[in-house]
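Trainee: First residue of the sequence shown? That's 8 in the working numbering, and the numbers climb one at a time after it.
Backbone N, C-alpha and C define an ideal beta-carbon position, used for all residues, glycine too.
Just passing along the structure, written as structure tokens.
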Amino acid sequence: MLESSFDNLASIEHPEYLLEKMQPFLELMVYYHCAMLEIKTKLEVLDKGLALRSSRNPFESIKCRLKSPRSIVEKLRRKGYPLNIGSIEENLNDIAGVRVICSFPDDIYDLADSLCAQDDIKVLSRKDYIRDPKPNGYRSLHLVLQIPIFLSDGKKEMRVEVQFRTIAMDFWASLEHKVKYKKDIQNPDQVAEELHQCAEAISQLDQRMQDIRNNIA
8 MLESSFDNLA
18 SIEHPEYLLE
28 KMQPFLELMV
38 YYHCAMLEIK
48 TKLEVLDKGL
58 ALRSSRNPFE
68 SIKCRLKSPR
78 SIVEKLRRKG
88 YPLNIGSIEE
98 NLNDIAGVRV
108 ICSFPDDIYD
118 LADSLCAQDD
128 IKVLSRKDYI
138 RDPKPNGYRS
148 LHLVLQIPIF
158 LSDGKKEMRV
168 EVQFRTIAMD
178 FWASLEHKVK
188 YKKDIQNPDQ
198 VAEELHQCAE
208 AISQLDQRMQ
218 DIRNNIA
């Protein structure tokens with residue numbers, strides 16, 4: 008019954024509004040929210056533990072977000088996946104997202120490795136766009152993690168995407184996103200090349216700042 012009701016969403020002009028009213032969908036979003044908070048708590052605990060070891064906090068800030076119903080439907084459609092609850096859980100890894108902003112590149116790897124080493128976390132995917140940047144210059148470490156949440160009627164495994172960036176990487180990604188979605192760009196190739204050069208300069212700055220930190224530590 009649930010599956011067939013979602014299959015009919017393709018013919019609805021704004022299916023996200025229907026999704027918001029459906030109890031199974033709302034329950035699923037609560038599960039993702041709980042999983043996201045579990046990851047956030049683990050990172051905060053690691054931050055305090057690593058700070059005791061090195062006398063500094065490895066990350067500057069942490070942000071959490073749940074994908075909106077509209078974005079979920081749009082992505083399912085774009086990827087050609089069925090519009091149903093099972094399809095969301097099976098095919099989308101970024102419903103729950105956590106972004107961790109670190110001061111230095113090596114803090115990213117220390118924090119990510121410590122998180123992945125915990126025995127209740129399963130690493131489903133690891134994409135290192137810091138050591139292997141995207142063609143446009145984008146840099147970040149992306150993890151898709153599976154973590155259990157404990158409900159009144161048992162345990163449920165949920166997926167959370169975690170992105171690690173330095174302050175500089177996040178600054179570049181934020182501005183690149185704004186430029187990319189700006190309409191009527193006169194010289195798109197030139198802008199893309201300039202953004203790529205900026206990404207290279209920011210990467211060099213990250214490394215220089217890390218070297219300075221290491222020299223005075």
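Pop quiz: Arg-146 and Ser-210 are said to be a contact at Cβ under 8 Å. What is the actual Cβ separation, rounded to whole angstroms?
Mentor: That belief holds up - the Cβ atoms of Arg-146 and Ser-210 are roughly 6 Å apart, short of 8 Å.
Trainee: Based on DSSP bridge pairs, tell me the residues matched to Lys-134.
Mentor: Answer is His-149, bridged to Lys-134.
Trainee: Does the Cβ of Val-37 have 16 or more other Cβ atoms within 10 Å, making it buried, or fewer, making it exposed?
Mentor: By the neighbour-count rule (16 or more Cβ atoms within 10 Å), Val-37 is not buried but exposed.
Trainee: Less than 7 Å between the beta carbons of Ile-133 and Leu-122, yes or no?
Mentor: Residue 133 is actually Arg in this sequence, not Ile. No, the pair does not count as a contact, with Cβ atoms beyond the cut-off.
Trainee: Measuring alpha carbon to alpha carbon, tell me which of Arg-72, Leu-90, Asp-127 and Ser-110 ends up nearest Asp-101.
Mentor: Comparing Cα-Cα distances from Asp-101 to each of Arg-72, Leu-90, Asp-127 and Ser-110, the minimum goes to Arg-72.
Trainee: As a quick exercise: from Val-167, Glu-183, Tyr-88 and Glu-81, pick the residue whose alpha carbon is nearest that of Lys-70.
Mentor: Of Val-167, Glu-183, Tyr-88 and Glu-81, the residue nearest in Cα terms is Val-167.
Trainee: Tell me the DSSP secondary structure of Arg-215 in three-state form.
Mentor: Helix.
Trainee: Applying the criterion that 16 or more other CB atoms from any shown protein chain within 10 Å of the CB defines a buried residue, is Gly-104 buried or exposed?
Mentor: Burial call: buried.
Trainee: Between the C-alpha atoms of Phe-178 and Glu-51, what's the straight-line distance to the nearest angstrom?
Mentor: Their backbone Cα atoms lie some 22 Å apart in a straight line.
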